[in-house]
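J.: First the structure, which I've put down as structure tokens, then a few questions once you've had a look.
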Amino acid sequence: MIRTARAFWFTSPGEGEIRSVALPEPGPGEVRVRTLCSGVSRGTETLVLRGGVPENQYDVMRAPFQEGDFPWPVKYGYLNVGVVEHGPPDLLGRPVFCLYPHQTRYVVPAEAVVPVPDGVPPERAVLAGTVETAVNALWDAAPLVGDRIAVVGAGMVGCAVAGVLAGFPGVRVQLVDVNPARAGVAAALGVGFASPEEAEGECDLVVHASATEAGLVRSLELLAPEGTVIELSWYGDRRVSLPLGEFFHSRRLTVRSSQVGMVSPARRARRGFSDRLSLALRLLADPVFDALITGESGFDDLPGVMSRLAGDLSALCHRIVYDPAQL
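Sequential numbering from 25 applies to the sequence shown in our numbering.
And the structure:
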């Protein structure tokens with residue numbers, strides 16, 4: 025009988041540790057999952073690491089299976105792929121994705137896991153939560169055939185958006201970032217790349233995901249008249265300023281938020297959370313998304329890895345692998 029598991033907890037500014045946690049026996053309608061790999065969502069998790077979640081957003085920012093309360097100590101994360109060890113016959117032995125923190129084993133309701141489709145490697149499926157964010161953003165944005173689109177901010181979410189947009193017919197997609205090394209990721213995704221200064225303007229749509237004030241200002245500058253910025257950045261406790269004078273009104277520009285915590289109103293009447301996540305997993309059959317995995321470490325190394333990732337601007341998704349012998 026398995027009674028304990030090990031989990032990563034954020035414990036203080038810039039610090040985390042692996043703790044032993046009680047593992048309940050699965051009841052009716054529950055599954056026990058052995059984790060194969062998890063993903064560090066660098067932007068959000070390093071914000072949690074530094075204690076940057078505003079107090080008035082503590083409830084909004086809770087992960088589905090979070091334990092503890094912000095700022096610390098807190099068990100936080102939402103990119104987890106494992107194999108079902110105990111559960112209904114149709115799930116037993118299958119790889120599944122779950123919005124669960126970094127933990128060696130866990131017990132959740134069966135409806136909280138989504139089977140990884142055949143043809144999608146479990147190692148790539150850790151990106152499902154990020155691609156799900158991209159799907160929701162594009163439901164909000166509703167791009168059209170032939171649109172001119174910029175994605176400003178080539179982090180994990182921005183690259184996922186660009187990767188999905190690359191499959192839209194007739195669109196001009198340009199990934200925009202201050203880091204010239206992101207040109208290689210853009211090429212792997214099949215989209216263009218430019219620095220902010222060289223980005224092509226007259227865009228019908230700009231998706232902003234740089235989490236910087238300068239990036240959002242540049243996103244407005246890249247719009248054609250009556251264009252829209254879809255704002256995906258999460259700024260935490262930081263404030264940003266925008267030039268809402270100048271050309272903002274004369275060009276009739278729009279800034280619209282998009283957040284994965286709710287299904288886009290454009291699809292809410294016909295799609296639920298599981299539908300959206302299942303779609304994201306199907307999209308991950310495309311191997312181009314492997315470009316979003318920029319590093320890999322063992323679970324036991326996670327405390328040190330998380331601290332290093334906070335200052336590593338080159339990292340996208342860092343994959344954590346779990347050794348069955350050490351579970």
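Ideal placement from N, C-alpha and C gives every residue a C-beta, glycine not left out.
Name the DSSP bridge partner or partners of residue 341?
T.: According to DSSP, which records beta bridges pairwise, residue 341 is partnered with 65, 317.
J.: Return the Cβ separation of residue 280 and residue 252 in integer angstroms, given the expectation that the two are a contact with Cβ distance under 8 Å.
T.: Indeed they touch by this definition, with Cβ atoms about 6 Å apart.
J.: What's the C-alpha gap between residue 143 and residue 205?
T.: Their backbone Cα atoms lie some 29 Å apart in a straight line.
J.: Using only alpha-carbon positions, find the residue among 295, 256, 319 that is nearest to residue 283.
T.: For the residues 295, 256, 319, the minimum Cα distance to residue 283 belongs to 256.
J.: For residue 331, does the three-state DSSP call read helix, strand or coil?
T.: In the structure shown, residue 331 sits in a helix (DSSP, three-state: H, G or I).
J.: Please confirm whether residue 342 and residue 63 have their CB atoms less than 9 Å apart.
T.: Yes; because the gap between Cβ atoms is below 9 Å, this pair is in contact.
J.: Taking Cβ to Cβ, would you say residue 38 is nearer than 9 Å to residue 73?
T.: Contact: yes.
J.: In terms of residue numbering, what span does the alpha helix (DSSP H) encompassing residue 113 cover?
T.: Run containing residue 113: none; DSSP gives neither H nor E here.
J.: List in chain order: all unbroken beta strand (DSSP E) runs of 3+ residues lying wholly within the segment 76–115.
T.: Entirely contained in the segment 76–115, the beta strand (DSSP E) runs reaching 3 residues are, in chain order, 104–110.
J.: Given residue 250, which residues of its chain have a CB within under 6 Å of its CB, disregarding the five upstream and five downstream residues?
T.: Correct list, in chain order: 276.
J.: With a floor of 3 residues, list each beta strand (DSSP E) that falls wholly inside the segment 223–259, ordered by position along the chain.
T.: Taking only runs of at least 3 residues, the beta strand (DSSP E) segments lying wholly in the segment 223–259 are 227–232, 247–255.
J.: Which stretch, first to last residue, makes up the beta strand (DSSP E) that contains residue 24?
T.: Past the edges of the chain, shown from 25 to 351, lies residue 24, and the structure says nothing about it.
J.: Hey, how far is the Cα of residue 76 from the Cα of residue 264?
T.: Approximately 15 Å between the Cα atoms of the pair.
J.: Compute the Euclidean distance between the alpha carbons of residue 127 and residue 133, then round it to the nearest angstrom.
T.: Distance between the alpha carbons of residue 127 and residue 133 is about 16 Å.
J.: For the 8 Å Cβ check, are there 3 or more pairs between the segment 43–63 and the segment 109–122?
T.: Counting Cβ pairs under 8 Å, three or more are found: they touch.
J.: Leaving aside the five residues before and after residue 50 along the sequence, list all residues of the same chain whose C-beta is less than 6 Å from its C-beta, in chain order.
T.: Around residue 50: 56, 110, 131.
J.: For residue 20, I'd like the list of residues in its chain whose CB is within less than 7 Å of its CB, leaving aside the five on either flank, ordered along the chain.
T.: Beyond the ends of the chain as shown, which are 25 and 351, falls residue 20; an answer cannot be given.
J.: Any idea which residues DSSP pairs residue 278 with across the strands?
T.: DSSP lists 252 as partners of residue 278.
J.: Would you verify that the beta carbon of residue 314 is, or is not, closer than 9 Å to some beta carbon of chain D?
T.: Looking for chain D here will not work: only one protein chain is present.
J.: How close, in whole Å, do the beta carbons of residue 185 and residue 175 come, if the pair is a contact with beta carbons under 8 Å?
T.: Going by Cβ atoms, the distance from residue 185 to residue 175 rounds to 5 Å, so yes, they are a contact pair.
J.: Does DSSP put residue 302 in a helix, in a strand, or in coil?
T.: Three-state result, residue 302: helix.
J.: For residue 169, count neighbouring C-beta atoms within 10 Å of its own C-beta (all shown protein chains included) and say buried if the count is 16 or more, exposed if not.
T.: When all chains shown are included, residue 169 counts as exposed.
J.: With a threshold of 16 other CB atoms inside 10 Å of the CB of residue 308, please say whether the residue is buried or exposed.
T.: With 16 or more Cβ atoms within 10 Å of its Cβ, residue 308 is classed as buried.
J.: By DSSP's criteria, residue 57 is part of a beta bridge. Which residues make up the other side?
T.: Residue 57 pairs with 108, 130.
J.: Mind checking who residue 28 pairs with in its DSSP beta bridge?
T.: 46, per the DSSP bridge assignment.
J.: Suppose you measure from the CA of residue 314 to the CA of residue 28; what does that come to, to the nearest Å?
T.: Distance between the alpha carbons of residue 314 and residue 28: 33 Å.
J.: Determine whether the beta carbon atoms of residue 215 and residue 198 lie at a separation below 9 Å.
T.: Contact flag set, yes.
J.: Taking 9 Å as the threshold (C-beta atoms), are residue 287 and residue 163 in contact?
T.: Against a cut-off of 9 Å, the Cβ pair of residue 287 and residue 163 comes out as a contact.
J.: Go ahead and pull the three-state DSSP assignment for residue 297.
T.: Residue 297: helix per DSSP, three-state reduction.
J.: If I measure Cβ to Cβ from residue 273 and keep anything under 7 Å in the same chain, skipping five residues before and after, which residues do I get?
T.: So the list is empty, once near-sequence residues are dropped.
J.: Taking the C-alpha atoms as reference points, what is the distance between residue 261 and residue 183?
T.: One C-alpha to the other measures close to 24 Å.
J.: Taking the alpha helix (DSSP H) that residue 199 belongs to, which residues open and close that run?
T.: Careful: residue 199 lies outside any alpha helix (DSSP H), inside the beta strand (DSSP E) at 196–200.
J.: Mind checking which residues open and close the beta strand (DSSP E) that includes residue 216?
T.: Its beta strand (DSSP E) spans residues 216–218.
J.: Please name the residue in 53, 65, 70, 26 whose C-alpha comes closest to that of residue 36.
T.: Of the candidates 53, 65, 70, 26, the one whose C-alpha sits nearest the C-alpha of residue 36 is 70.
J.: For the alpha helix (DSSP H) containing residue 172, list its first residue and its last residue.
T.: Element bounds for residue 172: not the alpha helix (DSSP H) but the beta strand (DSSP E), 172–176.
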